[in-house]
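Heads up, the thing below is written out as structure tokens.
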Amino acid sequence: MRMTVIGTGYLGATHAACMAELGHEVLGVDVDESKIKSLQAGQVPFFEPGLPEVLERNIAAGRLDFTTDYAQAAQFANVHFLGVGTPQRHGSFAADLTYVRAVIEDLVPKLTGSHIIFGKSTVPVGTARDLQELANSLAGPDTHVEIAWNPEFLREGYAVQDTITPDRIVLGVREEASRAEEVAREVYAQALEASTPLLVTDLQTAELVKVSANAFLATKISFINAVAEICEIAGGDVVALADAIGLDERIGRKFLGAGLGFGGGCLPKDIRAFMARAGELGADQALSFLREVDAINMRRRDRMVDVAKRALGGSVLGRRVTVLGCAFKPNSDDVRDSPALSVAGSLSLAGAAVTVYDPEGMDNARRVFPTLAYATSASKALQDTELVILATEWQEFRDLDPAAAGELVAARHIIDGRNVLDVAAWQAAGWTVEALGRNL
Ligand SMILES: NC(=O)c1ccc[n+]([C@@H]2O[C@H](COP(=O)([O-])OP(=O)(O)OC[C@H]3O[C@@H](n4cnc5c(N)ncnc54)[C@H](O)[C@@H]3O)[C@@H](O)[C@H]2O)c1
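According to the working numbering, the sequence shown holds residues 362 to 801 in order.
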């Protein structure tokens, strides 16, 4: 099949390359010229394991190309995926739908014939219906445009695998005269043959599935972090507690990792947009608990700064602190709303001399926080530091040798912000270990 993918960020570039990998002919479209130039040259402008190989292979095979030209996109295919950003609107909790609407406004007047646009961006419920109205108002007399919603569940760090072999495909279709399911079955034929569940719903349900999934995951993380707050005061151990409750298969251990909490370009803005939309629908009470989920999450960052201050005798002014990690999670270079970078930034603003090291996130972090010092390796970051904070659980940091690390630092004091270190091994190597939600 021929298709375009509009918006070639984390979601779109991955979707475009993976659709080509499945044998489709794909044109990726973005308004960011530098991003398109880089993708055309076979370079992924962000870190995503496995994606560079898929991109290169499919460009070489002639199945994948990129453009900034909407006229070319309109000519290229009758199937379009929409994957532009839906960030938090400035000064509000709501999602900013400017980019999503701009795609329809730029694309639809250029279309002729019959087209389907599959929305993949995460949007407030009701958006697809509004976009259908917008498309109807812009389409020429002989042009038919159907908007369907096909939310994306990929996880950064596993995006290629999640796109090629998803655990489910959700498709929201309009009530009247929809061709979306038939077309989607062709697009995703390979996954469907492998018995991937396809759930066809109305548009509203498909939109809600995505935000509900993220709200649930955020709630699960904040639940364990709320319990961590109690453990800190009452003298419990949140890791042992999570292991114990996680063995109940109704609960499950996944997403019960207590620590610095969630961040990134999705969960925080998605739960806020969900709350905002509930308010617009007159149902704000239904999701008011998400305010608490958000608040618990943000408190973890403050708590980490407090623990760091206490570790250094009450003030970090002029003290040397190393923060390991600045990406919002491992296997990603994404620093959007990163808890790690937030902690590094807060400590720096409180007067600490902060050195950051992250295997992939430093170029992005430097743009957000140019005033932090960025080391070129973990060893260099540890050199002569008075306090170490493990803020993103990269494997490289889990694998650090406490004895060797101890030779580098000025003081053997580490705060495990992700509860991933072998505490006994670090203590045996002479380290003072602190962790969120534990009394060690
Ligand atoms: N990143 C993820 O893991 C992930 C997972 C699931 C869903 N999503 C959702 O997917 C959407 C995109 O997220 P992302 O992380 O890829 O964002 P991103 O910021 O990495 O990418 C968005 C891209 O859209 C481009 N763009 C903006 N306006 C455009 C226009 N008018 N025409 C063409 N391109 C335009 C931008 O230049 C940018 O390259 C969001 O709604 C997000 O919530 C993201």
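Note that CB positions come from ideal geometry on N, CA and C, so glycine has one too. The structure presented is a predicted model; accordingly, all values stated were derived computationally and were not measured.
| Asked | Found |
| --- | --- |
| CA nearest to the CA of A489, picked from V534, T504, E610 and V521 | V534 |
| Touch test, the region 428 to 441 against the region 380 to 391, Cβ-Cβ under 8 Å, three pairs minimum | yes |
| Check: D430 C-beta below 6 Å from any heavy atom of ligand 1 | no |
| 7 Å Cβ cutoff, M636 in contact with chain E | Protein chains in the displayed structure number just one, and chain E is not present. |
| Span separating the alpha-carbon of V600 from that of A619 | 7 Å |
| The region 774 to 785 contacting the region 719 to 738, beta-carbon criterion three pairs below 8 Å | no |
| The region 672 to 684 touching the region 609 to 616, judged by at least three CB pairs closer than 8 Å | no |
| Rounded distance between the beta-carbons of V666 and A634, thought under 8 Å | Rounded, the Cβ-Cβ distance is 27 Å, inconsistent with contact. |
| Per-residue DSSP class, three states only, for I591 | helix |
| Contacts around D503, its chain only, beta-carbon distance under 8 Å, and the 5 residues preceding and following it disregarded | T473 and G474 |
| Sequence ranges, beta strand (DSSP E) only - wholly within the region 476 to 564, length at least 3 | 505 to 510, 530 to 534 and 559 to 563 |
| Any non-hydrogen atom of ligand 1 closer than 6 Å to C627 Cβ | yes |
| Anticipated Cβ contact below 8 Å, I367 with L468, distance rounded | 7 Å |
| D528: CB within 6 Å of a non-hydrogen atom of ligand 1 | no |
| With 16 other Cβ atoms within 10 Å as the buried cut-off, status of K741 | exposed |
| Cβ distance (whole Å) where Y718 is taken to contact A736 below 8 Å | 5 Å |
| Collapsed DSSP secondary structure at H385 in the structure displayed | coil |
| L673 CB to nearest heavy atom of ligand 3 below 6 Å | The ligand content of the structure shown is limited to ligand 1, which means ligand 3 is not among them. |
| Euclidean distance between Cα positions of F623 and F689 | 7 Å |
| G444 and G384 closer than 7 Å at C-beta | no |
| Cβ-Cβ separation, K396 to P406 (assumed contact under 8 Å), whole Å | 5 Å |
| Short Cβ contact (7 Å threshold) for A656 with A647 | no |
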